[in-house]
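Comments concern the structure below.
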Amino acid sequence: MPKIFEPVTLGKLQLPSRLLMAPMTRSRASADGVVTALTAEYYRQRAGAGLIISESIQPSAIGQGYLMTPGLHTAGQVEGWRAVTGAVHEQGGRIVAQLTHTGRIGHPVLYPDGTLPVAPSAVASGEQLFSLDGMLDHPVPRALTTEDIHATVGDFAAAAGNAIDAGFDGVEIHGANGYLVHQFLADNTNLRTDAYGGTVENRIRFAVEVVTAVADRIGAERTGIRLSPGNPFNNVREADPAPVYLALLGALTGQGLAYVHLIEGGDRELTRRLRAAWPGALVLNPHPSAEAYPASPESAVEAVEAGVADAVALATLWLANPDLDVRIRSGGPYNTADPATFYGGDHTGYTDYPALGQGGSE
């Protein structure tokens, strides 16, 4: 049996396999950030994953970066997620909430008071928001004050507590893909000259404070963080990522976190360096080279067999194959994902991908 199907322990999480479902934004929440029964069915279908990492969930209203994404900062949002976690648990699955503050990747049309998005520094992303009125340029964000930073750390902790109240088995902090935590880490988005900018030690401070606050609230053994060293998504640029992420992992060592989740950016040597520096469990979204994208079943199995990671998280393959675990065991075949239905809409391209034996597999 491939090692990917062996049990693994991530902190307090006892997983039956090392094949995880990576977080994927699907933009099917209500306008007030509440998930519906359709979302419960989507995750229920995929409960065969060793662990489901939920789509991005904003910890506060200002943390939203896209239309129709869910939150965990109101009672209604918590109640909506409670139905999702219940559906997953009824199938014997496990699910953690990914908490994501998008920072400068936002727009006033998303916020009730029309305020500006916030970021470490007043540096625009150069990206656009897809809105009901067409594409809108992201504005120059407002730089967070020190008081704002402390409040944002508190928002993460409060949302983590809400996640546990909603029945999640833990929390993953999104520190990747050019969102707020990543914006503090990167040198082109963090131009601060105070305790949160400049040196590597200062640039990792916000990430460490968020992780510490969440771990204090729900337990380190229920807490993970996702990182993407060198990933230019959302126009984040890191001239020399290795020292930053080695320092961050060093600062987090000793907290007893459940895991660190890396999005590999085509640099397997950097992955190995970070793996060697991190004494805890490592989850990998495997892309060993620039050509090896997106991740494949073969690259996932190989990463675990080679000891590059303790577990792997796959995204689009789970989106299109609700029984991906069964399909990998049997060598396929695999459904083909339809990008036109990734974001927004109804059940089409969401809960209607067939399992093996239901027809439709290619």
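Here the working numbering is used: position 116 in the sequence shown is 324, and no number is missing along the way.
Ideal placement from N, C-alpha and C gives every residue a C-beta, glycine not left out.
Do residue i and residue j have their CB atoms nearer than 9 Å?
{"i": "G386", "j": "R430", "result": "no"}
{"i": "L275", "j": "L337", "result": "yes"}
{"i": "T401", "j": "V331", "result": "no"}
{"i": "A305", "j": "A366", "result": "no"}
{"i": "A511", "j": "L478", "result": "no"}
{"i": "R226", "j": "P530", "result": "no"}
{"i": "V516", "j": "L532", "result": "no"}
{"i": "D240", "j": "G284", "result": "yes"}
{"i": "S507", "j": "H382", "result": "no"}
{"i": "V468", "j": "L454", "result": "no"}
{"i": "A262", "j": "F441", "result": "Rather than Ala, the amino acid found at residue 262 in this sequence is Ser. For S262 and F441, no; Cβs fall outside 9 Å."}
{"i": "I433", "j": "A371", "result": "no"}
{"i": "L246", "j": "A519", "result": "no"}
{"i": "R252", "j": "G314", "result": "no"}
In or out: residue i buried (at least 16 other Cβ within 10 Å) or exposed?
{"i": "E570", "result": "With a pLDDT of only 49 at E570, under 50, the local geometry of the prediction cannot be trusted, and the value read off the model is given with reservation. Result: exposed."}
{"i": "V534", "result": "exposed"}
{"i": "T354", "result": "exposed"}
{"i": "Q391", "result": "buried"}
{"i": "G279", "result": "buried"}
{"i": "L340", "result": "exposed"}
{"i": "R480", "result": "exposed"}
{"i": "G334", "result": "exposed"}
{"i": "D448", "result": "exposed"}
{"i": "A446", "result": "As written in the sequence, residue 446 is Glu, which differs from the Ala given in the question. Under this definition E446 is a buried residue."}
{"i": "T308", "result": "buried"}
{"i": "A374", "result": "buried"}
{"i": "S238", "result": "exposed"}
{"i": "G473", "result": "buried"}
{"i": "S538", "result": "exposed"}
{"i": "V418", "result": "buried"}
{"i": "G488", "result": "buried"}
{"i": "T360", "result": "buried"}
{"i": "V317", "result": "exposed"}
Spell out the partners DSSP gives residue i in its beta bridges.
{"i": "M229", "result": "I260 and L522"}
{"i": "F364", "result": "Paired residues: none, contrary to the question."}
{"i": "E298", "result": "Paired residues: none, contrary to the question."}
{"i": "D345", "result": "Q336"}
{"i": "G279", "result": "Q266"}
{"i": "I381", "result": "L307 and I433"}
{"i": "Y558", "result": "Looking at the DSSP assignment, Y558 forms no beta bridge with any residue, so it has no partner."}
Please identify the residue among the options whose C-alpha is closest to the C-alpha of residue i.
{"i": "L525", "options": "A548, Y561 and G552", "result": "Y561"}
{"i": "A327", "options": "D395, I303, R290 and N439", "result": "D395"}
{"i": "G266", "options": "I260, G256, A257 and T277", "result": "Residue 266 is actually Gln in this sequence, not Gly. Minimum Cα distance to Q266 is reached at T277."}
{"i": "E409", "options": "L456, G383 and D363", "result": "L456"}
{"i": "V444", "options": "G288, A428, Y250 and L388", "result": "L388"}
{"i": "T556", "options": "R434, A545 and L454", "result": "A545"}
{"i": "V242", "options": "Q272, G342 and M209", "result": "Q272"}
{"i": "H358", "options": "A421, A548, T559 and Y558", "result": "A421"}
{"i": "G311", "options": "F364, I212 and A371", "result": "F364"}
{"i": "I260", "options": "E380, L470, L393 and Q566", "result": "E380"}
{"i": "A485", "options": "S504, R411 and A459", "result": "A459"}
{"i": "L223", "options": "L352, P437, M232 and A257", "result": "A257"}
{"i": "P505", "options": "I471, G540 and R476", "result": "G540"}
So, with DSSP's three-state summary, where would you put residue i?
{"i": "R434", "result": "strand"}
{"i": "I412", "result": "coil"}
{"i": "L456", "result": "helix"}
{"i": "Q272", "result": "coil"}
{"i": "E417", "result": "helix"}
{"i": "I313", "result": "coil"}
{"i": "Y551", "result": "coil"}
{"i": "L527", "result": "helix"}
{"i": "L532", "result": "helix"}
{"i": "T397", "result": "coil"}
{"i": "N442", "result": "helix"}
{"i": "R234", "result": "coil"}
{"i": "H469", "result": "strand"}
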